[in-house]
Amino acid sequence: MSPVRRAIEQWACRQPDPLIELFENWMPLIPKFIMDGLAMTVLQKLTDEATKWDPKSDIIPIHKWIHPWLPLLGDNMNTEIYPTIRRKLGSALESWHPLDRTARLMLEPWSQVFPKGDMEAFLIKNILPKLDRTMSEFIINPLSQHLDNWNWVYDWVGLLPVHTMAGLLNKCFFPKWLHVLAAWLNHSPNYDQITQWYLGWKKMFNDKLLAEPVIKENFKKALDIMNRTVTDTQGLQPGSAEYVSYLMSLERTQPAPQIPASAQPRIDIMRSNNPLQLTLAILKPHVIKNPFALQKIRQLILDNDFKIVRSRRTKITFSEASFFYQDHKDKFFYNRLVTFMSSGPSDIHILARDNAIVRWRELMGPTKVYQAQYLAPESIRGRFGLSDTRNATHGSDSPDSAQREIKVFFKDFNIDEWFDQEEIYFKHEQLKFDQDLFLHIIDKSLKPLLS
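Position one of the sequence shown corresponds to residue 1 (full-length UniProt numbering), numbered consecutively onward.
Structure, rendered in structure tokens:
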């Protein structure tokens, strides 16, 4: 394998695509121990390049040329590359101020990559003290409220652990907020204004923060302060008790969650009251080359109650792939993706079941293979994905895209007619399964049930 080693030595680390493509092409053909040795050579070269990386001046973010290697190098990066990256990022953040939001953009790609404990420790050391200082400088003024400091800090919700953010707010925000409330209540306030102020601030917190015990306790303290004030008969304003009673009733009442209609997966042309849903599934070329992987994925499809409405094996043409993935045309991986998808046969299926789009995407797992391997190791991509391009499967992401994608590969398939004439057979499983065709076929010898 000396030619491959020479290729690695001559390779520019910040252009991962050519070498990844070389690895993907050789992977099925050479023994694992040789691949492991080559991977370690790549790891060392990436580590050396990471030591030269300057987060303040380099134009290309480091995750752009490190992340593509995650499916191949995985946990080996924990001890080699990641400590170097964290050290460099920490140094770059020494003079950082939270008004500069580029820091979050720089760190966010690593939130699901660094081990959880390492990521939290990094944020607590390098980010939390700056947020603490910024929130400590925040001035609460009901007459003229400026929210810059609040927004700079709150921008880190979702990246900082929720309990850490709750602790920061408990320490740096709520003491001042409660002090302002108490002072306001001592000056014959307008309770309508106080009610709106209280509710307005509470809306600034997301559901996860509101569920934190320390946050609940602080809002309860505010209600207690208001309640003590209105129960003092001296200077009591008409209606004040009602305002506080209203706020306390809101705390006790939890409305039933409402699922917006837009979140209900559906295809507009469905006819029956409770129809099945269609989605497009593609098993990519590297899966078709691996009979073991293909059989396992097919079995997963059947085990998860999907019905195969149409099925074909075809080599997707370059023009078809270009059209199919046109939404990614401006992405760096577009050419590699289109070239790969047209490199060999794919299996393309129309699948049906209840909530098919969501169910198929859950079964596939996250699009990025490194995330699938960490977050959903039993998913199809977690088990059989090789890289973000060769991530084993494709699935429609919405009813509209399902209809559009089905038309690309099944031009003679009429969705309206299927729902009118065939859906009821699939719904009531009046079908035969052809193992050779990997297809469910309507068995019209059985009388269909009425929906």
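Note that the Cβ used here is the ideal one computed from N, Cα and C, for glycine as well. Computed from a predicted model, the values in this text were never measured in an experiment.
DSSP on residue i, reduced to helix/strand/coil?
| i | result |
| --- | --- |
| Arg5 | helix |
| Phe438 | coil |
| Ser319 | helix |
| Ala352 | strand |
| Ile267 | Note that Ile267 scores 36 on pLDDT, short of 50, meaning its location in the model is unreliable; the coordinates nonetheless yield the value given after this. In the structure shown, Ile267 sits in coil (DSSP, three-state: anything other than H, G, I, E or B). |
| Gly365 | coil |
| Thr279 | strand |
| Arg101 | coil |
| Lys411 | coil |
| Ser346 | strand |
| Val113 | coil |
| Leu19 | helix |
| Gly167 | helix |
| Ser136 | helix |
| Ile308 | strand |
| Leu431 | strand |
| Leu160 | strand |
| Gln373 | helix |
| Asn274 | coil |
| Leu147 | coil |
Measure the CB-CB distance between residue i and residue j and report whether it falls below 9 Å.
| i | j | result |
| --- | --- | --- |
| Leu123 | Leu105 | no |
| Trp11 | Lys45 | yes |
| Lys88 | Asp118 | no |
| residue 521 | Gly365 | Shown here, the chain extends from 1 to 451; a query on residue 521 therefore has no answer. |
| Leu157 | Glu212 | Sequence inspection shows Val at residue 157; the Leu mentioned does not correspond to that position. No, they are not a contact pair. |
| Val309 | His440 | yes |
| Ile348 | Arg298 | no |
| Phe173 | Phe138 | yes |
| Lys171 | Asp132 | yes |
| Val153 | Leu143 | no |
| Phe23 | Leu38 | yes |
| Asn141 | Val180 | yes |
| Tyr370 | Leu70 | yes |
| Asn290 | Arg353 | no |
Over what stretch of residues does the alpha helix (DSSP H) that includes residue i continue unbroken?
| i | result |
| --- | --- |
| Ile71 | Per the sequence shown, the amino acid found at residue 71 is Pro instead of Ile. First-last of the alpha helix (DSSP H) with Pro71: Leu70 to Leu73. |
| Ile415 | Ile415 to Gln421 |
| Gly90 | Ile81 to Ala92 |
| Ala12 | Element bounds for Ala12: n/a, residue is neither H nor E. |
| Gly37 | Lys32 to Lys52 |
| Gly382 | Ile380 to Phe384 |
| Lys176 | Phe174 to Leu185 |
| Tyr191 | Tyr191 to Lys202 |
| Thr389 | That residue, Thr389, is in no alpha helix (DSSP H); it is neither H nor E in DSSP. |
| Trp156 | Per DSSP, Trp156 belongs to no alpha helix (DSSP H) and is neither H nor E. |
| Gln299 | Pro291 to Asp303 |
Would you please state the rounded distance, in angstroms, between the beta carbons of residue i and residue j? I believe it to be under 8 Å.
| i | j | result |
| --- | --- | --- |
| Ile282 | His394 | 4 Å |
| Pro285 | Ser343 | 5 Å |
| Thr47 | Arg5 | Contact doesn't hold; Cβ gap of about 17 Å is too wide. |
| Leu128 | Thr164 | 7 Å |
| Phe413 | Pro275 | Their Cβ separation, rounded to whole angstroms, is 16 Å, which puts Phe413 and Pro275 out of contact at 8 Å. |
| Asp388 | Phe324 | That belief does not hold up - the Cβ atoms of Asp388 and Phe324 are roughly 17 Å apart, past 8 Å. |
| Ile62 | Ala50 | 7 Å |
| Leu280 | Ala402 | 6 Å |
| Ala183 | Ile225 | Rounded, the Cβ-Cβ distance is 11 Å, inconsistent with contact. |
| Lys296 | Leu431 | Going by Cβ atoms, the distance from Lys296 to Leu431 rounds to 23 Å, so no, they are not a contact pair. |
Taking only beta-carbon positions, decide if residue i is within less than 9 Å of chain C.
| i | result |
| --- | --- |
| Ala12 | The structure shown contains no chain C, having only a single protein chain. |
Who are residue i's beta bridge partners in DSSP?
| i | result |
| --- | --- |
| His394 | Ile282 |
| Arg313 | Asp347 |
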